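Engineer: Have a look at this one before I ask anything.
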Amino acid sequence: MPTRDELLDDIRRMDDELDRTPRVVDVLHAGECDRAAFRAEWNSWRAAIRAAVGQREFEITRAEVLARIIELHETVEADPSIQTWADETLYTPHAIYDDAGFDSWTDAKQSVGIVIWHRTKTRQFDG
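Written out as structure tokens, the structure reads:
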């Protein structure tokens, strides 16, 4: 298992090589350490980034929001939750609403074709 310093160095290296703040999906393609090592050390990717490169201002376009949702869908979970968004991307949920202009997280996911399944309970009435 890599040390905390090795993990921080890996993030900083990716930051330099990619010429942007690395995303969690970049660990799969450009990271020297695996994603599980980062998750074992920090509770979120955002926390790992803050530890490595400090707090940054992030701006995101609607197209980037959609691309990040697709990445989460493909790499993390089939129907990503808003909590997964907050944990695995560099952005808060406000990016979905304020920056990208979606009315809801469900609307954002459906716009990239993620099928949302809602369970409904059937009620029995005595009558």
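Heads up: the sequence shown runs through residues 10 to 136, numbered per the working numbering.
Each residue gets a CB set at the ideal place from its N, CA and C atoms; glycine is no exception.
Please read all numbers here as calculations on a predicted model, not as lab measurements.
So, with DSSP's three-state summary, where would you put V85?
Structural biologist: Correct three-state label for V85: coil.
Engineer: Ordered along the chain, which non-local residues of its own chain (more than five positions away) have a Cβ less than 7 Å from that of E41?
Structural biologist: Cβ neighbours of E41 beyond the five flanking positions: D19.
Engineer: Per the contact definition of three or more C-beta pairs closer than 8 Å, is the segment 72 to 89 in contact with the segment 51 to 58?
Structural biologist: Contact fails: fewer than three Cβ-Cβ distances are below 8 Å.
Engineer: What does a CB cutoff of less than 7 Å around T93 pick up in its chain, not counting 5 residues either side in sequence?
Structural biologist: Closer than 7 Å at the Cβ level, and outside the excluded window around T93, lie L81, V85, E86.
Engineer: Look at the alpha carbon of D28 and the alpha carbon of A104, and state the distance between them as a whole number of angstroms.
Structural biologist: Cα to Cα, D28 sits roughly 22 Å from A104.
Engineer: By Cβ distance below 6 Å, which residues in the same chain neighbour T98 in space, the five residues on each side in sequence not counted?
Structural biologist: Excluding residues within five positions, the ones whose Cβ falls inside 6 Å are R77.
Engineer: Tell me which residues share the same chain as D43 and place their Cβ nearer than 8 Å to its Cβ, disregarding the 5 neighbours each side in the sequence.
Structural biologist: The answer, listed in chain order, is V36.
Engineer: Just the C-alpha distance for K118 and D112, rounded to the nearest angstrom, thanks.
Structural biologist: K118 and D112: Cα-Cα distance of roughly 11 Å.
Engineer: On a Cα-Cα basis, can you pick out the residue from T12, D88, R71, D25 that is closest to A46?
Structural biologist: It is T12 whose Cα lies nearest to the Cα of A46.
Engineer: Is the Cβ-Cβ distance between D88 and I123 less than 8 Å?
Structural biologist: In this structure, I123 lies closer than 8 Å to D88 by Cβ.
Engineer: Taking the alpha carbon of T115 as the reference point, which residue from T101, D108, A109, I91 has its own alpha carbon closest?
Structural biologist: Checked all of T101, D108, A109, I91; the closest Cα to T115 is I91.
Engineer: Are the CB atoms of V62 and D24 within a distance shorter than 8 Å?
Structural biologist: A contact, by the Cβ cut-off of 8 Å.
Engineer: Please return the same chain residues whose Cβ sits closer than 8 Å to the Cβ of Q64, not counting the five positions on each side in sequence.
Structural biologist: Nothing listed; no residue qualifies.
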